[in-house]
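Following full-length UniProt numbering, the numbering of the sequence shown begins with 1 at its first residue and continues without gaps. The beta carbon of each residue, even a glycine, is placed where N, CA and C say it ideally should be. Single-structure report; data block below.
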Amino acid sequence: MTPSPSPADDAGDKPRLTAAEKKANHIASEHKRREAIRAGFDQLTQIVPNLEGMARSEGLVLRATKDYIIEQLERRKTLIAELEAKGVYVDPQDKEVLQVLEDWKRRERHRIGMESQQQNVNGTANGNGSSQ
């Protein structure tokens, strides 16, 4: 029986990369990744109102984008309600995206409730709680 080829043999006898070559490849890959992220943020600043041409942080862009999406979903919800109030049929598929809004609101209420509870616990632990 002949021995199975090693992975190096399968590679067509290509020489392995040196540490410097691996590092250079990693740096190039990381640079491409950062450029893709930067391009995505630049596109968001062109789509989301009031961001174009502003000096901005990624956090600001993400927050403004989230706010804009929520605003658009609320607007859609209002328009659907107005149409249905007038007796216009609205395809359920057109309302599915509104579940995203409701799910987000539910998670936000939960998050805020948890933060409030944590603040109450911290206030009590620090002796700031009132007991009567």
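Would you mind working out which of the options sits nearest residue i, comparing C-alpha positions?
i, options, result
"residue 95", "111, 31, 78", "78"
"residue 71", "57, 98, 120", "98"
Compare the beta carbon distance of residue i and residue j with 8 Å and say whether it is the shorter of the two.
i, j, result
"residue 84", "residue 90", "yes"
"residue 44", "residue 74", "no"
"residue 41", "residue 21", "no"
Run through DSSP, which three-state label would residue i get?
i, result
"residue 92", "helix"
"residue 23", "helix"
"residue 45", "helix"
"residue 50", "coil"
"residue 103", "helix"
"residue 32", "helix"
"residue 17", "coil"
Go to residue i, then tell me how far its alpha helix (DSSP H) extends in each direction, as first and last residue.
i, result
"residue 61", "58 to 85"
Contact between the stretch 62 to 71 and the stretch 44 to 52 (3+ Cβ pairs under 8 Å): Between the stretch 62 to 71 and the stretch 44 to 52, the count of Cβ pairs shorter than 8 Å is three or higher; the stretches touch.
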